[in-house]
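Residue numbers (the numbering used here): -8 to 66.
Think of the CB as a built atom: it goes at the ideal place given N, C-alpha and C, for glycine as much as any other residue.
A quick note: this is a predicted structure, and the numbers were derived from the prediction, not measured.
The structure under discussion appears below in the form of structure tokens.
Laid out in structure tokens, this is it:
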């Protein structure tokens, strides 16, 4: 398993788990980051701090601190 922040642009991965807890975990679950969800990495920001992901048909931007807490695997 890898962290979402390490995945390159134009790759598709599947969520395996979340390392967050509390309000951040609830936010991630509300965004559709549940186990088995597919994520497409759309593009990375110029400073690599923000990355845009396609999650269940919605484009979501996450900071590297947030995407570092999402465990994924290649499909």
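Check: Do you know offhand how far residue 55's Cα is from residue 43's?
Finding: In the chain shown, counting from the first residue as 1, residue 55 sits at position 64. In the chain shown, counting from the first residue as 1, residue 43 sits at position 52. Cα to Cα, residue 55 sits roughly 11 Å from residue 43.
Next item on the list: Ignore the nearest five residues each way along the sequence and tell me which others in residue 28's own chain have a CB closer than 8 Å to its CB.
Entry: Numbered from 1 along the chain shown, position 37 holds the residue referred to as residue 28. Same-chain partners within the cutoff: 5, 6, 46 and 47.
Item checked: Boundaries (first-last residue) of the alpha helix (DSSP H) holding residue 16 -> The sequence position of residue 16 within the chain shown is 25, counting from 1. Taken as a continuous stretch (DSSP letters only), the alpha helix (DSSP H) holding residue 16 covers 13 to 21.
Note to self: I'd like the list of long-range same chain contacts for residue -2, defined as Cβ closer than 7 Å, with 5 residues on each side in sequence excluded.
What the structure shows: Residue -2 sits at position 7 when you count from the first residue of the chain shown. Contacts found: 4, 32 and 63.
Next item on the list: Rank 57, 50 and 0 by C-alpha distance to the C-alpha of residue 16 and give the top, closest one.
Entry: Here residue 16 is taken as the residue at index 25 of the chain shown, counted from 1. Cα-wise, what sits closest to residue 16 is 57.
Checklist line | Sequence-distant residues of the same chain with beta carbon closer than 6 Å to residue -4, five excluded per side | finding: Residue mapping note: residue -4 aligns to position 5 of the chain shown, counting from 1. These residues qualify, in order along the chain: 55, 58 and 59.
Check: In whole angstroms, what is the alpha-carbon distance linking residue 25 and residue 61?
Finding: Against the chain shown, residue 25 aligns to sequence position 34. Against the chain shown, residue 61 aligns to sequence position 70. Their backbone Cα atoms lie some 10 Å apart in a straight line.
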